[in-house]
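Visitor: Let me give you the structure first, and then I'll get to my questions.
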Amino acid sequence: GTYRIAVIPGDGIGTEVMPEGLRVLDAATRRFGISLEYEHIDWASCDYYEKHGQMMPDDWKAQLSRCDAILFGAVGWPEKVPDHISLWGSLLKFRREFDQYINLRPARLFEGVPSPLAGRKAGDIDFWIVRENTEGEYSSVGGVMFAGTDKEFVVQESIFTRRGSERVLKFAFDLAQQRAKKKLTVATKSNGIAISMPWWDERATEIATAYPDVKWDKQHIDILCARFVLNPDRFDVVVATNLFGDILSDLGPACTGTIGLAPSANLNPDRTFPSLFEPVHGSAPDIAGKQIANPIAMIWSAAMMLDFLGHHGGKEREAHDAILAAIESTLKEGPRTGDLGGSAKTDEVGKAIAERVANV
Ligand code: NAI
Ligand code: MG
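Per UniProt numbering, residue 3 is the first one in the sequence shown, and the count goes up by one each step.
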């Protein structure tokens, strides 16, 4: 069948990297016989907000629900719209209303990419971070009390539901089980956060009984952060609650080089609503409009989309693997954008990857 893809470039370099994502998708789908139909969307952008006073039309949910997946660039242009409005008015709505409860990010060190960690080479670092994406520490339960008096205080509750915790842990165990090393690290802080985190550990222990072949352990978030930097080669799959996962999923890719490479998926694994695939980076106003942004994070995100659409098999998996191989050889042999020490334009890198996908 044909997959229907909502294409949302957004703002800034989102509009520059998206055409390269589509260019490579076109090459891959042509080669492997996959049919995509694009729905090009100009909302969920700050330009749209300037004209309409809101980030999206009222029927955004109905429009996007008709699609199998969403390919997203980046949103935000602080000079026009405050960041909390542009983010909460678009991306964060998608995550919550489409129940995209998994935020998935790889951390992988490639040849040709200088690692900020001394002595590491390609292949040493290759792991996945699974972040809970809908609940936990990011709740809106709480408030400021006795404001302006000497009794003033603020409370904000963390909410971990049994369903929400179990489903993210299951996803992570499943992922670990499919990988060669079959290792899972559960981020926790049950020594300091003495009610919710011991409960989270118990959920992990329970779920683990269904995965006897997965080697798993739990690590406190503080030492876990240190080990991301000191021993990143030891990790395979790492699962964490919303806040801890937010921190880890920036730290992991940072250890492997430029943010211009890092892709992410916001997944609804039950497929009741479309999942969303986007680069980790934002709209980068400081380099926007110059055609110098690295398109690889966008291209890799598009590859993750194909793989998810194909349930991690079939010709979609082959297309994904071909795109990854093309990214790898382009990082090794060039062309490279400025963040990787090169001087290539955004579209030169996109074209080089598309050509390799078509020919390798
Ligand atoms: P940013 O990721 O846009 O930029 C951070 C730094 O990395 C900048 O120096 C930028 O030039 C560089 N950079 C980012 N992507 C790059 C690429 N592909 N190639 C080369 N260099 C790249 O983060 P920042 O500056 O904090 O935020 C800018 C805007 O983006 C804000 O409005 C923010 O709210 C929004 N944002 C949106 C996100 C999203 O749509 N998921 C995520 C992060 C930020
Ligand atoms: Mg973050």
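Beta carbons are placed, not taken as given, at the ideal position from N, Cα and C, and that holds for glycine. On a predicted model such as this, the values are computed, not experimentally measured, just so you know.
1) Checking 8 Å against the spacing of the C-beta atoms, do T339 and G262 come in under that value?
2) Taking the straight line between their C-alpha atoms, what separation do you get for E39 and Y51?
3) Got a sec? Which residues, its chain only, sit under 7 Å from T304 by beta carbon, not counting five neighbours each side?
4) Suppose you measure from the CA of R319 to the CA of H54; what does that come to, to the nearest Å?
5) Rounded to whole angstroms, what's the CA-CA distance from N270 to R110? Just pull it up for me.
6) Straight-line CA distance for A8 to W202?
7) Going by DSSP, what residues sit across from W201 in a beta bridge?
8) Any heavy atom of the ligand NAI within a distance shorter than 7 Å of the CB on V115?
9) Please identify the residue among R236, E330, A174 and E134 whose C-alpha is closest to the C-alpha of F162.
10) What does DSSP give as the partner residues of N268 in its beta bridges?
11) How many whole angstroms separate the CB atoms of I294 and K347, which I take to be in contact at a CB cut-off of 8 Å?
12) Tell me I72's beta-bridge partners as DSSP assigns them.
13) Just list the alpha helix (DSSP H) runs in the stretch 209-255, keeping only unbroken ones of 4 residues or longer that don't cross its boundaries, in chain order.
14) Confirm the yes/no value for this check: CB of E39, any heavy atom of the ligand NAI, distance under 7 Å.
15) Measure the CB-CB distance between D101 and T274 and report whether it falls below 8 Å.
16) Residues in its own chain within less than 8 Å of R33 by CB, not counting five upstream and five downstream?
17) Within 7 Å: the Cβ of W302 and any heavy atom of the ligand NAI?
18) Given this structure, state the Cα-to-Cα distance separating A228 from E41, to the nearest angstrom.
19) M307 by DSSP, collapsed to three states: which one?
20) Nearest to V146 by alpha carbon, out of P21, V156, L226 and Y140?
21) Would I301 be called buried (16 or more neighbouring beta carbons within 10 Å of its own) or exposed?
22) May I ask you to verify whether the stretch 103-122 touches the stretch 326-343, counting CB pairs closer than 8 Å and requiring at least 3?
23) First and last residue of the alpha helix (DSSP H) that includes R97?
24) Can you tell me which of the three DSSP states T17 falls into?
25) Kindly list the residues whose CB is nearer than 7 Å to the CB of A328, restricted to its own chain and excluding five residues on each side of it in sequence; keep chain order.
26) Let me know the secondary structure DSSP gives T332 once reduced to three states.
Guide: Looking at the coordinates:
1) For the purposes of this step, residue 339 is taken as residue 337 along the sequence shown, with counting starting at 1. For the purposes of this step, residue 262 is taken as residue 260 along the sequence shown, with counting starting at 1. It is a contact, given that the beta carbons lie within the stated cut-off.
2) Along the sequence shown, read from residue 1 onward, the residue named residue 39 stands at position 37. Along the sequence shown, read from residue 1 onward, the residue named residue 51 stands at position 49. Taking the Cα positions, E39 is about 26 Å away from Y51.
3) Counted from its first residue, the sequence shown places residue 304 at position 302. First, the amino acid is wrong: residue 304 is Ala here, not Thr. So the qualifying residues of the chain are G23, V26, L27, L73 and F279.
4) Here residue 319 is taken as the residue at index 317 of the sequence shown, counted from 1. Here residue 54 is taken as the residue at index 52 of the sequence shown, counted from 1. Taking the straight line joining both Cα atoms gives about 40 Å.
5) Looking up residue 270 in the sequence shown gives position 268. Looking up residue 110 in the sequence shown gives position 108. Between N270 and R110, the C-alpha separation is close to 23 Å.
6) Residue 8 sits at position 6 when you count from the first residue of the sequence shown. Residue 202 sits at position 200 when you count from the first residue of the sequence shown. Going by the C-alpha atoms only, they are around 35 Å apart.
7) Mapped onto the sequence shown, residue 201 falls at position 199. In the DSSP output, where bridge partners are listed per residue, W201 has none listed.
8) As a position in the sequence shown, residue 115 is number 113, starting the count at 1. No, Cβ of V115 sits at least 7 Å from all heavy atoms of the ligand NAI.
9) On the sequence shown, position 160 is the one that residue 162 refers to. Out of R236, E330, A174 and E134, E134 has the C-alpha closest to the C-alpha of F162.
10) Taking the sequence shown and counting its residues from 1, the one referred to as residue 268 is at position 266. Answer is N105 and L278, bridged to N268.
11) In the sequence shown, the residue the question calls residue 294 occupies position 292. In the sequence shown, the residue the question calls residue 347 occupies position 345. That pair is a contact at about 7 Å.
12) Taking the first residue of the sequence shown as position 1, residue 72 is located at position 70. Paired residues: A8 and L278.
13) 223-232
14) The count along the sequence shown starts at 1 and reaches residue 39 at position 37. No, since every heavy atom of the ligand NAI falls outside the 7 Å radius drawn around the Cβ of E39.
15) To locate residue 101, count along the sequence shown from 1; it is residue 99. To locate residue 274, count along the sequence shown from 1; it is residue 272. Contact: yes.
16) Position 31 of the sequence shown holds residue 33. Excluding sequence neighbours, R33 sits near A321, A324, V359 and A360.
17) The count along the sequence shown starts at 1 and reaches residue 302 at position 300. No, the ligand NAI has no heavy atom inside 7 Å of this Cβ.
18) Against the sequence shown, residue 228 aligns to sequence position 226. Against the sequence shown, residue 41 aligns to sequence position 39. Near 43 Å, if we compare the C-alpha coordinates of E41 and A228.
19) Walking along the sequence shown from the start, residue 307 turns up at place 305. In the three-state scheme derived from DSSP, where H, G and I count as helix and E and B as strand, M307 is classed as helix.
20) Working through the sequence shown from its first residue, we reach residue 146 at position 144. Considering only alpha carbons, the answer is V156.
21) Taking the first residue of the sequence shown as 1, we reach residue 301 at position 299. Result: buried.
22) yes
23) In the sequence shown, counting from the first residue as 1, residue 97 sits at position 95. Unbroken alpha helix (DSSP H) run through R97: L93 to E99.
24) Locating residue 17 in the sequence shown gives position 15, where the first residue counts as 1. Here T17 sits in helix by DSSP.
25) The count along the sequence shown starts at 1 and reaches residue 328 at position 326. Counting only Cβ-Cβ distances below 7 Å, and skipping sequence neighbours, we find I355, R358, V359 and V362.
26) Within the sequence shown, numbered from 1, the residue matching residue 332 stands at position 330. The answer is helix: DSSP assigns T332 an H, G or I state.
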